[in-house]
Structures are given as C-alpha cells and as structure tokens.
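My numbering puts the first residue of the sequence shown at 60, with every later residue one more than the last. Where is the CB? At the ideal position from N, CA and C, for every residue including glycine.
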Amino acid sequence: MAVRHRRLITGILLIALAGSCTPKQEKKSDTDGFSGSASCIECHERFYELWAPSFHGKAMQPVNKDFIKEYNLPSSEPMALEGKFYKVTYEDSAMVMLETENDKLINKYELSWSLGGRNVFCFLVPLDKGRLQTIPLAYDMNGKTWFNYPQSAVRHFLEDQYDEPLPWKDRMYTFNTGCYNCHVSQLSSNFDLATETYKTTWREAGINCETCHGPSAEHVRVCREAEEGEVPEDLKIIITSRFTPEQQNASCAPCHAKVTPITASYIPGDRFFDNFNITTLEDPDFYPDGRDLGENYTHTGWMMNPCLNSSDINCVTCHTSSGRNRFSDNPNQACTTCHTDKKEILEEHTMHEPGTPGSECVSCHAPTREFVGRFLRSDHSFRPPMPAATIKFGSPNACNICHDDKSPEWADQIVRQR
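Okay, structure coming up:
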C-alpha cells in the first residue's frame, strides 16, 4: 500500500475517533472543575513566571498585535503550490495569506493562531464548517525563512515505498483532528459526523497547569479556606512530584510520542498503554535498526533507552516541567551524575578534547537531526554510534552527522578501534 494512501486512512480513523470519543457540547462548562492557569499565580507565582513564556505556555498563541510585535516575522516571497501562488504578508496590523492564480487574487486568509516557535512556526486560518487549517507556508525560526510546509513533510522511504505532498486543505492538516491536544488545554473537538462540522472549544491556548495537575478549582477553594499557615490534608490536586518514574514518563508521553488515543479518559498518573497506542519499530518511519527515519517524536526512542530500565531516571530528571533543559550550561552533568566513571576519563571516552562539541555526551548518544517540517529532534535512545548499521541499513550515526565529509566505513573503523 502506498504510504500516502495509508496516511489518508489514518487521518480518516483519527477523525472518526475524535467524533466518537469526544462528548458533544456547545461550550465548556463553567463548573467542570477547571479554574485556569491564572488561578495558580496567587500561590505559585514563581512557577507561573517560568511556565508562561515557555514553549509549553506558548504552544499556541493568537496572531494579534502583541504576537506581531514580539516576533516581527518578515513577509514571505510568493510560493508556488498546487498551481497557485501563496504569500504571507501584513495588512491593517494583521498577518494574512494571499492566494493568487494567473496574477489574480482569489482568496485572502487572516492568520488567527500560531503553533510552536521553538524550531518552526505553523499558522492556522479558519475555514468552513468550523475547521482550523494549517496554511502551506511555515516559518523556520533557525533558518529565518518561509518554506513550503506540505513539501517539507515528504518522507524518503526505503525500497519501493514512496510519499508525496498532500494538498494543504487535506484533513491531515486540519487542526481540529490532528495536533490540537498538544497545543491547547481542555479541548473538545465537538465533531458532528452527520454534517462534518466542528464546534471546537478549549479552555486555554498552550499547555496549562491543569494539563498535568488536573482540575484545580477544588484545590484553589480548599487552600483559600484553610487557616493561615495550615496545609489542607487533601490538596484536591494531582501532585506530580509523588509520581513513580513510570507515571512521570507517562504524563509527558502523550505529547512527546507519536500515538493514537484509544480512550478519551486519560489523566496524568494513569497507565499510558491503557490509553494510547504508540508507533513502534514496524512503522515505515523507522530504519531497520530502530533509528528514526520520519518524525516519531522522542518517546519511542526513550523506551529503548537502557537508562530507563536501570535507574529511576525520568523526563524531569533532565527537563523541567516547563520543557527546559535542566543542564543547558553543562550538558554532560545530565549524564555524569550517574556515570561518574566517565567524568574522569572524558577525553579518552569521547575521543574529543574537553570543551569541544564532540566531548558532550549528547553529541554521540543523543544526536540532533532535522525531520519532516524542519523540526529538530534528539535521539532519546542514548545508544552509541553504530556506523556498521549505516553501512548495512543507511541509517544515520552520530559520527557522520558531525563528520559529514567522512564515510561510514571510516567511522566504523574508528569505532572498532575502541
């Protein structure tokens, strides 16, 4: 089966799932137990200040005057796509996409929301039947340029498998059916199968406090009613610091794994595999040796990580709850806290001088690569470089990611000498 055909079928299944698992409602209830992230500031101001400007807090932002002023993105050049030309520019303090054909303007779309921003900004425009659609132009924050997003999503598979760009209005690029759960909080897609119409609602753009800690209205109430200096016995909130490593990893995985939800009832602390079906190595987005060929996010690789089963390490060991790296000033500290023996023989172990990029543990064990859509991902399996697998399968290895002027055979010889 052609990969493109399989992707379309997957999209249809996800649409059906969204319609069958999400309760139909006109608006979110004011008594559903959620009180919003602003209610946390009163007692947790420092955490709020760390979260609000983070990539979690800004996972989705309105494209308004504040956004335009903060990011000051340039207008794009006209880009050919599907026999038409598309250009993002500014009109009357708004960002718009112009669609032209034969030098005539046929449509103008006002950009309403942005997604991401760490590596790439994608943008949404409202279409018919309540759809929010990803436009075909995205902005590369590293390269400082606009690019053809559907074209960038083409994967180059092995053997006789192929892929090709999807039309930008395809359902796979419809926000209501795809990436919504990891960019907004407490969402209901409200899909009406009979009319193919969405009445999608969410409580907050971005990933808010209650995504991980659950509904907080009762927590706020009991804390406000408590006597000064008194800590309520039951805080009425999910306390993630009490999670086991398995629960902690599971609370991050729904957004940091390529998954299909099999229930609509997951809350942090629940068993991950009771609620999600994760993409694993039989998928064509993996090389035969398990390295990423397509965009698989990080959790599948993390499941192969030997550290996962040999210690209590979990996502927040190396990352903060707001998504930052705990050891950005000294990346090796993330590893040498456990691997103390390597700290004293760093140059011998890495074969690179201390202080150089090659002496950082992540350069060899968690190399960063660019995947579809120009997204950067680091390999969380932490496996050592294996140039022999590159020779056999064509999969990447950390040595040649840096030493791209050398052959895999050269790298294999160096590795075998160790």
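Which of helix, strand or coil DSSP assigns to residue i
i      : result
LYS143 : strand
GLU406 : helix
LYS124 : helix
ILE165 : strand
CYS227 : A small fix is needed here, since residue 227 is Trp in this sequence, not Cys. TRP227: coil per DSSP, three-state reduction.
GLU101 : coil
PRO209 : helix
ILE473 : helix
GLU412 : coil
LEU186 : coil
ASN389 : coil
TYR239 : helix
TYR356 : strand
ASN384 : strand
ASP222 : coil
CYS397 : coil
PRO467 : helix
SER96  : helix
LEU132 : coil
CYS461 : helix
SER369 : helix
PHE331 : helix
TYR325 : coil
PHE106 : helix
In DSSP terms, what residue i is bridged to
i      : result
GLY175 : PHE180
SER244 : GLU263
THR376 : Answer is none; THR376 lacks a bridge partner.
ILE337 : VAL318
GLU192 : Looking at the sequence itself, residue 192 is Gln, so the reference to Glu does not match. For GLN192, which the question treats as bridged, DSSP gives the partners VAL184, THR233.
LEU491 : The structure shown does not extend to residue 491, since the chain is modelled only from 60 to 477, so the question has no answer here.
MET119 : LEU174
CYS199 : The residue asked about is misnamed: residue 199 is Asp in this sequence, not Cys. Note: ASP199 sits in a beta bridge opposite VAL179, THR204.
THR256 : ASP251
MET138 : TYR145
ASN364 : Paired residue(s): none; ASN364 is not in a bridge.
PHE345 : ASP351
Straight-line gap, residue i to residue j (C-alpha atoms, nearest Å)
i      : j      : result
ASP187 : GLU104 : 40 Å
CYS394 : VAL318 : 28 Å
ARG475 : PRO226 : 47 Å
THR357 : GLU429 : 13 Å
GLY288 : ILE296 : 19 Å
THR485 : ALA197 : There is no way to answer for residue 485, as the model of the chain reaches only from 60 to 477.
GLN210 : ARG301 : 44 Å
CYS181 : ASN389 : 31 Å
PHE434 : ALA316 : 14 Å
TRP172 : ILE450 : 44 Å
ARG383 : ARG283 : 31 Å
GLU169 : ASP222 : 30 Å
ILE473 : LEU340 : 28 Å
PHE93  : LEU246 : 12 Å
ASN391 : HIS439 : 15 Å
CYS102 : ILE194 : 40 Å
LEU174 : ALA212 : 16 Å
GLY95  : GLU108 : 15 Å
ALA139 : ASN235 : 26 Å
LYS163 : GLY432 : 29 Å
GLY273 : ALA253 : 32 Å
LYS465 : GLY417 : 15 Å
PHE386 : PHE106 : 18 Å
PRO137 : ARG230 : 24 Å
THR399 : ASN123 : 49 Å
LEU157 : VAL184 : 12 Å
GLY202 : PRO112 : 22 Å
PHE441 : PRO365 : 8 Å
PRO304 : ALA470 : 36 Å
Short CB-CB distance (under 8 Å) between residue i and chain D
i      : result
HIS358 : You won't find chain D in this structure, because it holds only one protein chain.
With a floor of 4 residues, list each alpha helix (DSSP H) that falls wholly inside the region 418–456, ordered by position along the chain.
-> 420–424, 446–452
Answer yes if the region 146–159 comes into contact with the region 118–127, meaning at least three C-beta pairs across the two stretches below 8 Å, and no otherwise.
-> yes
Looking at C-beta atoms only, is the number of pairs between the region 130–147 and the region 273–291 that lie closer than 8 Å three or more?
-> no
Is the region 334–354 in contact with the region 447–455, if contact means three or more CB pairs nearer than 8 Å?
-> yes
Taking only runs of the alpha helix (DSSP H) that begin and end inside the region 277–320, which ones reach a length of at least 4 residues, in chain order?
-> 304–311
Is the region 322–332 in contact with the region 361–373, if contact means three or more CB pairs nearer than 8 Å?
-> no
Taking 8 Å as the threshold, find out whether the region 233–246 comes into contact with the region 254–268 through three or more Cβ pairs.
-> yes
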